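Visitor: Take a look at the following structure, please.
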Amino acid sequence: MASVLKHDTVSKGCYYVKPRRKEEKQPLQLDNLFVPLIGNQEPLEWVNLRKKLCKSVMQELSSVVHQATSESNAKVIQQLTEHALKSNPEGQKLKAAILCDGSRNTFHLRFFEQLKLKLYQLGLKRFVVLDLKNHRDLKSCFRQIKGGSLGLGILSYDMEELGESITLVLQNVEDCDRRLLNALMEALNMISQKSKDHHVYLIFNLKVPLELFDASLDSVFFSHVQPEVFNMKATTDILESIFTLVEENLSLKFGWRTRKLFRSMFYERSWSVEKVVGCLRYGILTHFYGNALSPLPYLIQNNQTGAVSTFYVSILRTVPSFQHRIEQMLREMGTSGKKIIQDLLENDDVFLEYIKSTFQELARRESFLRKHVKCWQELETHMSRPTKLAFGEYMEVFLEGLWFESEQYETFRKDILRLNSHQALACMEHLNKHMFSGPRVGKGLNLADELEHLVDSSKNKYLETVEMRMKNYSGTEHTRKVMETGFDKSILRYSRWLKELVQLLDEEIEHGMLGTQGMDAYPFYEVFFFDYRRPLEQGFLSGHQRSVIHSSCMNPEYYIGMQRISDTEEKNEANLKQNKPWLPDLSILYKLYSESGAFLNLYDWYMAFSENLQVLATEERLPTKRRFTEESEADLPKDEMNAKPDRQYVPMEVDENSNKESVELQSRFLFGLEELRFLGLIKPTTRKTDHVMKTIYHH
Numbered sequence: 001m002a003s004v005l006k007h008d009t010v011s012k013g014c015y016y017v018k019p020r021r022k023e024e025k026q027p028l029q030l031d032n033l034f035v036p037l038i039g040n041q042e043p044l045e046w047v048n049l050r051k052k053l054c055k056s057v058m059q060e061l062s063s064v065v066h067q068a069t070s071e072s073n074a075k076v077i078q079q080l081t082e083h084a085l086k087s088n089p090e091g092q093k094l095k096a097a098i099l100c101d102g103s104r105n106t107f108h109l110r111f112f113e114q115l116k117l118k119l120y121q122l123g124l125k126r127f128v129v130l131d132l133k134n135h136r137d138l139k140s141c142f143r144q145i146k147g148g149s150l151g152l153g154i155l156s157y158d159m160e161e162l163g164e165s166i167t168l169v170l171q172n173v174e175d176c177d178r179r180l181l182n183a184l185m186e187a188l189n190m191i192s193q194k195s196k197d198h199h200v201y202l203i204f205n206l207k208v209p210l211e212l213f214d215a216s217l218d219s220v221f222f223s224h225v226q227p228e229v230f231n232m233k234a235t236t237d238i239l240e241s242i243f244t245l246v247e248e249n250l251s252l253k254f255g256w257r258t259r260k261l262f263r264s265m266f267y268e269r270s271w272s273v274e275k276v277v278g279c280l281r282y283g284i285l286t287h288f289y290g291n292a293l294s295p296l297p298y299l300i301q302n303n304q305t306g307a308v309s310t311f312y313v314s315i316l317r318t319v320p321s322f323q324h325r326i327e328q329m330l331r332e333m334g335t336s337g338k339k340i341i342q343d344l345l346e347n348d349d350v351f352l353e354y355i356k357s358t359f360q361e362l363a364r365r366e367s368f369l370r371k372h373v374k375c376w377q378e379l380e381t382h383m384s385r386p387t388k389l390a391f392g393e394y395m396e397v398f399l400e401g402l403w404f405e406s407e408q409y410e411t412f413r414k415d416i417l418r419l420n421s422h423q424a425l426a427c428m429e430h431l432n433k434h435m436f437s438g439p440r441v442g443k444g445l446n447l448a449d450e451l452e453h454l455v456d457s458s459k460n461k462y463l464e465t466v467e468m469r470m471k472n473y474s475g476t477e478h479t480r481k482v483m484e485t486g487f488d489k490s491i492l493r494y495s496r497w498l499k500e501l502v503q504l505l506d507e508e509i510e511h512g513m514l515g516t517q518g519m520d521a522y523p524f525y526e527v528f529f530f531d532y533r534r535p536l537e538q539g540f541l542s543g544h545q546r547s548v549i550h551s552s553c554m555n556p557e558y559y560i561g562m563q564r565i566s567d568t569e570e571k572n573e574a575n576l577k578q579n580k581p582w583l584p585d586l587s588i589l590y591k592l593y594s595e596s597g598a599f600l601n602l603y604d605w606y607m608a609f610s611e612n613l614q615v616l617a618t619e620e621r622l623p624t625k626r627r628f629t630e631e632s633e634a635d636l637p638k639d640e641m642n643a644k645p646d647r648q649y650v651p652m653e654v655d656e657n658s659n660k661e662s663v664e665l666q667s668r669f670l671f672g673l674e675e676l677r678f679l680g681l682i683k684p685t686t687r688k689t690d691h692v693m694k695t696i697y698h699h
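Residue 562 in the numbering used here sits at position 562 of the sequence shown, and the numbers go up by one each step.
As structure tokens, this is what we get:
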């Protein structure tokens with residue numbers, strides 16, 4: 001459970017696009033999209049095949065993620081290497097690059113690994129990453145730059161002695177002391193000017209907006225450094241490229257319900273890209289390790305229908321989408337289709353052929369939708385839209401079958417009504433060539449001829465709509481109508497022509513090859529696609545696990561079922577009243593955690609933890625000492641007992657091995673601290689190194 005809960009933190013990222021959460025038009029949780037495992041009746045061959053397929057798809061996903069991150073960094077790496085290899089005239093300032101990351105996404109950390117490899121191939125072999133937050137003076141900075149030498153000051157560092165150029169990456173420059181930064185730049189500039197064959201190339205890895213960093217600099221910095229700004233690719237672009245590559249390369253297909261979940265995790269809940277990828281991995285594991293019919297598409301694709309036993313054939317006949325298809329056939333065909341339906345339900349060979357044809361139809365439909373997405377993206381290019389839809393957004397709406405009713409298409413229609421004649425000509429050519437089908441082809445050709453005639457008859461061979469002509473008009477409605485009547489008739493006719501184009505496009509979507517039917521209307525959709533949201537929501541979005549952690553840490557004896565039991569049953573009842581239940585270290589730390597504020601001081605937390613442990617140890621030892629004293633006095637004669645003074649219970653003496661106990665307490669505290677971090681309840685903070693921050697504020 002902890003491995004799942006580590007994803008359930010409330011850490012926020014820095015993203016460029018975050019639309020407002022929208023209400024769902026229909027419930028997305030369906031119970032009939034998943035076929036669970038069938039107990040011991042599943043053959044071992046199917047179990048091994050599911051493991052093999054799961055491993056293969058996980059490798060595909062890792063390759064996709066690596067490719068997406070590499071491609072996102074390639075452009076900036078090329079720009080940085082060209083900038084680093086530019087000749088720097090003698091006596092000039094230090095050459096530096098300010099790299100605007102824009103987020104703390106760890107996918108960008110791979111950027112420096114790729115940059116180091118690229119520079120190494122080009123001959124710049126010395127690559128040093130210097131975290132300015134961990135340094136307080138120049139001596140420690142140059143010790144790390146030179147490679148661990150001890151006792152060396154600034155003047156002892158000479159570039160000619162190293163015999164090579166150096167690439168210096170400066171981390172946490174926004175949090176360091178500006179006096180240290182200026183002194184470091186001055187020293188590096190002085191050393192660089194002493195060398196003729198080698199130079200220092202600086203890279204400032206910036207996590208804050210450039211304006212904030214620029215405002216904190218002074219003339220001393222700019223007198224030694226000549227910076228140039230480079231922008232990393234946006235985190236949203238990385239996510240969308242991952243979605244596109246998953247769609248094109250992953251052998252497991254995701255349905256529109258799970259796609260909505262993945263997208264909402266990033267855009268609506270502000271989860272990082274890594275957590276979205278983690279949810280993708282969890283979905284793959286759920287599909288192959290929880291769905292008994294997950295190997296079926298692989299067997300059908302490789303013509304291995306003979307491996308499907310009669311037991312699985314009977315299971316396939318109970319799939320909900322197939323049952324809905326049978327009901328639909330009964331309504332449409334009536335008694336005339338009785339023979340066909342009977343063969344599907346009784347003849348295994350006919351049923352397997354039907355499954356094969358259905359899977360082929362699903363594969364063709366999915367391939368057609370992917371090609372159709374590219375057609376719409378090319379149409380957006382011809383329209384010169386300022387904001388374009390991503391590949392994954394198109395596929396999500398197309399699979400759901402709601403493109404005609406979607407807000408995206410409504411915005412699309414409005415943009416078409418604003419096109420000028422040049423854009424409209426390019427769009428008509430594309431529509432007639434790639435999108436119109438059936439009777440819409442002839443209508444599209446007629447519209448194209450009419451548009452060419454309108455353009456040729458215009459004065460400047462250029463037309464735009466009345467709306468675009470009047471977009472900056474601020475007069476009355478009556479004056480507007482008067483002005484519109486004075487426009488050239490070709491402009492008014494062009495505006496009506498665009499409305500006819502929108503109507504033809506609506507007709508193509510409703511009655512053409514795209515249609516308004518969702519993929520989940522096809523039989524065996526739940527076998528071909530993974531579209532089951534419930535395990536993903538339970539594992540990533542549900543608060544149930546969090547409530548279990550809270551109750552188990554507050555009342556561990558209920559979950560562990562462990563009460564201190566005496567050696568004999570006679571003393572058990574009496575001792576249970578005296579002995580308190582055992583508390584694990586995690587439970588003690590969590591109770592102290594619940595009583596604190598947003599930030600926890602580690603020293604205060606440790607002292608409170610050690611005091612709690614000492615109290616528990618004292619309460620546990622005192623009854624034992626009391627029983628031992630009473631037993632020893634019972635063995636003494638009465639005279640000696642009366643002669644002895646009244647005994648008083650004194651607190652336990654401090655053990656001589658207090659140092660060992662202190663080390664043990666520290667190790668137990670750190671281990672419990674790591675357990676809390678692993679469960680996602682705390683995280684370190686860069687503001688205070690001796691504090692940790694809570695991620696859960698309400699229980």
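Backbone N, C-alpha and C fix where the C-beta goes; we use that ideal spot for every residue, glycine too.
Predicted model only: the values in this text are computed from it and were never measured.
Determine the DSSP secondary structure at residue 198, reduced to helix, strand or coil.
Guide: The count along the sequence shown starts at 1 and reaches residue 198 at position 198. Looking at residue 198 - three-state DSSP - the assignment turns out to be coil, as it is neither helix nor strand.
Visitor: Can you give me the C-alpha to C-alpha distance between residue 390 and residue 240, rounded to a whole angstrom?
Guide: Here residue 390 corresponds to residue number 390 of the sequence shown, with the count starting at 1. Here residue 240 corresponds to residue number 240 of the sequence shown, with the count starting at 1. Distance between the alpha carbons of residue 390 and residue 240: 7 Å.
Visitor: If we count the other Cβ atoms within 10 Å of its Cβ and call it buried at 16 or more, is residue 456 buried or exposed?
Guide: Residue numbering aside, residue 456 sits at position 456 when the sequence shown is read from its first letter. It is exposed - the Cβ of residue 456 has fewer than 16 other Cβ atoms within 10 Å.
Visitor: So what does residue 465 bridge to, in DSSP terms?
Guide: Residue mapping note: residue 465 aligns to position 465 of the sequence shown, counting from 1. DSSP output for residue 465 lists no bridge partner at all.
Visitor: As an exercise, report each continuous alpha helix (DSSP H) stretch of at least 4 residues that is fully enclosed by the region 287-342, in chain order.
Guide: Qualifying alpha helix (DSSP H) stretches, in chain order: 296-301, 310-316, 320-333.
Visitor: In the DSSP assignment, what are the bridge partners of residue 235?
Guide: The count along the sequence shown starts at 1 and reaches residue 235 at position 235. Paired residue(s): none; residue 235 is not in a bridge.
Visitor: Using CA atoms only, rank isn't needed, just tell me which of 290, 261, 444, 185 is closest to residue 527.
Guide: In the sequence shown, the residue the question calls residue 527 occupies position 527. Looking at the Cα atoms, 290 is the closest of the given residues.
Visitor: Can you tell me which of the three DSSP states residue 167 falls into?
Guide: Residue mapping note: residue 167 aligns to position 167 of the sequence shown, counting from 1. Note: residue 167 maps to strand in three-state DSSP.
Visitor: Going by beta carbon distance, what residues of the same chain come within less than 7 Å of residue 184, once the five residues before and after it are set aside?
Guide: The residue given as residue 184 occupies position 184 in the sequence shown. Once the five neighbours on either side are set aside, the close Cβ partners of residue 184 are 138, 141.
Visitor: What is the rounded straight-line gap between the Cα of residue 229 and the Cα of residue 144?
Guide: For the purposes of this step, residue 229 is taken as residue 229 along the sequence shown, with counting starting at 1. For the purposes of this step, residue 144 is taken as residue 144 along the sequence shown, with counting starting at 1. One C-alpha to the other measures close to 26 Å.
Visitor: Can you tell me the Cβ-Cβ gap for residue 254 and residue 529, rounded? I've got them flagged as a contact below 8 Å.
Guide: Mapped onto the sequence shown, residue 254 falls at position 254. Mapped onto the sequence shown, residue 529 falls at position 529. With a Cβ gap of about 7 Å, residue 254 and residue 529 count as contacting.
Visitor: Starting from residue 416, trace the beta strand (DSSP E) in both directions and tell me its first and last residue.
Guide: For the purposes of this step, residue 416 is taken as residue 416 along the sequence shown, with counting starting at 1. Looking at the DSSP string, residue 416 is not in any beta strand (DSSP E); the run it does join, the alpha helix (DSSP H), is 407-416.
Visitor: Determine the burial state of residue 82: buried for a count of at least 16 other Cβ atoms within 10 Å of its Cβ, exposed for fewer.
Guide: Translated into the one-based positions of the sequence shown, residue 82 becomes position 82. Flag for residue 82 reads exposed.
Visitor: Can you name the residues that DSSP bridges to residue 692?
Guide: For the purposes of this step, residue 692 is identified with residue 692 of the sequence shown, where counting begins at 1. Paired residue(s): 600, 684.
Visitor: Within a Cβ cutoff of 8 Å, which residues of the same chain sit near residue 536, ignoring the five residues on either side of it in sequence?
Guide: Residue mapping note: residue 536 aligns to position 536 of the sequence shown, counting from 1. Excluding residues within five positions, the ones whose Cβ falls inside 8 Å are 258, 261, 279, 282, 283, 286.
Visitor: At the level of alpha carbons, what is the spacing between residue 463 and residue 491?
Guide: Residue mapping note: residue 463 aligns to position 463 of the sequence shown, counting from 1. Residue mapping note: residue 491 aligns to position 491 of the sequence shown, counting from 1. The straight-line gap from Cα to Cα measures roughly 6 Å.
Visitor: So residue 169 packs on residue 181, CB below 8 Å; how close in whole Å?
Guide: Within the sequence shown, numbered from 1, the residue matching residue 169 stands at position 169. Within the sequence shown, numbered from 1, the residue matching residue 181 stands at position 181. Their Cβ separation, rounded to whole angstroms, is 14 Å, which puts residue 169 and residue 181 out of contact at 8 Å.
Visitor: Looking at the structure shown, is residue 226 part of a helix, part of a strand, or coil, going by DSSP?
Guide: The residue given as residue 226 occupies position 226 in the sequence shown. Residue state, collapsed to three classes: strand.
Visitor: Please classify residue 386 as buried or exposed, where buried requires at least 16 neighbouring CB atoms within 10 angstroms.
Guide: Taking the sequence shown and counting its residues from 1, one reaches residue 386 at position 386. Exposed.
Visitor: So, is residue 171 buried or exposed, given that buried needs 16 or more other C-beta atoms within 10 angstroms?
Guide: Translated into positions along the sequence shown, residue 171 becomes position 171. Answer is buried; the Cβ neighbour count reaches 16.
Visitor: Can you tell me which residues form a DSSP beta bridge with residue 205?
Guide: Taking the sequence shown and counting its residues from 1, the one referred to as residue 205 is at position 205. Note: residue 205 sits in a beta bridge opposite 99.
Visitor: Can we say the region 242-251 touches the region 114-131, given the rule of at least three CB pairs closer than 8 Å?
Guide: Flag = no, the region 242-251 and the region 114-131 do not touch.
Visitor: Could you confirm whether any beta carbon from chain B is found closer than 8 Å to the beta carbon of residue 403?
Guide: As a matter of chain content, chain B is missing from the structure shown, which is built from one protein chain.
Visitor: What is the rounded straight-line gap between the Cα of residue 126 and the Cα of residue 63?
Guide: Residue numbering aside, residue 126 sits at position 126 when the sequence shown is read from its first letter. Residue numbering aside, residue 63 sits at position 63 when the sequence shown is read from its first letter. The alpha-carbon atoms of residue 126 and residue 63 are separated by roughly 29 Å.
Visitor: Might you give, ordered along the chain, the residues of its own chain that have their beta carbon closer than 8 Å to the beta carbon of residue 329, omitting 5 neighbours on each side?
Guide: Taking the sequence shown and counting its residues from 1, the one referred to as residue 329 is at position 329. Counting only Cβ-Cβ distances below 8 Å, and skipping sequence neighbours, we find 337, 340, 341.
Visitor: Please identify the residue among 613, 367, 319, 366 whose C-alpha is closest to the C-alpha of residue 345.
Guide: Position 345 of the sequence shown, counting from 1, holds the residue named residue 345. When only C-alpha atoms are compared, the closest one is 319.
Visitor: Let me confirm a value: residue 216 is counted as buried when at least 16 other C-beta atoms fall within 10 Å, else exposed. Which label applies?
Guide: Start at 1 with the first residue of the sequence shown, and residue 216 comes out as number 216. It is exposed - the Cβ of residue 216 has fewer than 16 other Cβ atoms within 10 Å.
Visitor: Am I right that residue 84 and residue 226 are in contact with their C-beta atoms under 8 Å? What's the rounded C-beta distance?
Guide: As a first step, residue 84 must be located in the sequence shown, where it is residue number 84. As a first step, residue 226 must be located in the sequence shown, where it is residue number 226. Between residue 226 and residue 84 the Cβ distance is about 13 Å, and since that is not below 8 Å, they are no contact.
Visitor: Any chance the region 492-505 sits against the region 439-457, with 3 or more Cβ pairs inside 8 Å?
Guide: Judged by Cβ distances under 8 Å, the region 492-505 makes contact with the region 439-457, as three or more pairs qualify.
Visitor: Between which two residues does the alpha helix (DSSP H) carrying residue 397 extend?
Guide: Within the sequence shown, residue 397 is the residue found at index 397, counting from 1. Note, residue 397: alpha helix (DSSP H), 391-400.
Visitor: Does DSSP put residue 94 in a helix, in a strand, or in coil?
Guide: Mapped onto the sequence shown, residue 94 falls at position 94. It is a strand residue.
Visitor: Between the Cα of residue 494 and those of 430, 521, 438, 422, spot the shortest distance and give me the residue it belongs to.
Guide: As a working note, residue 494 is residue 494 in the sequence shown. Checked all of 430, 521, 438, 422; the closest Cα to residue 494 is 422.
Visitor: Near residue 675, what residues of its chain come up, given a Cβ to Cβ distance below 6 Å and the 5 sequence neighbours on each side ignored?
Guide: The residue given as residue 675 occupies position 675 in the sequence shown. Hits under 6 Å: 586.
Visitor: Within 10 Å of its beta-carbon, does residue 684 have 16 or more other beta-carbons around it, so buried, or fewer, so exposed?
Guide: Taking the sequence shown and counting its residues from 1, the one referred to as residue 684 is at position 684. Per the 10 Å Cβ criterion, exposed.
Visitor: Kindly indicate the opening and closing residues of the beta strand (DSSP E) around residue 128.
Guide: As a first step, residue 128 must be located in the sequence shown, where it is residue number 128. Start and end: 126-131.
Visitor: Hey, how far is the Cα of residue 416 from the Cα of residue 75?
Guide: Sequence index remark: in the sequence shown, residue 416 carries index 416 (1-based). Sequence index remark: in the sequence shown, residue 75 carries index 75 (1-based). Taking the straight line from one Cα to the other gives about 33 Å.
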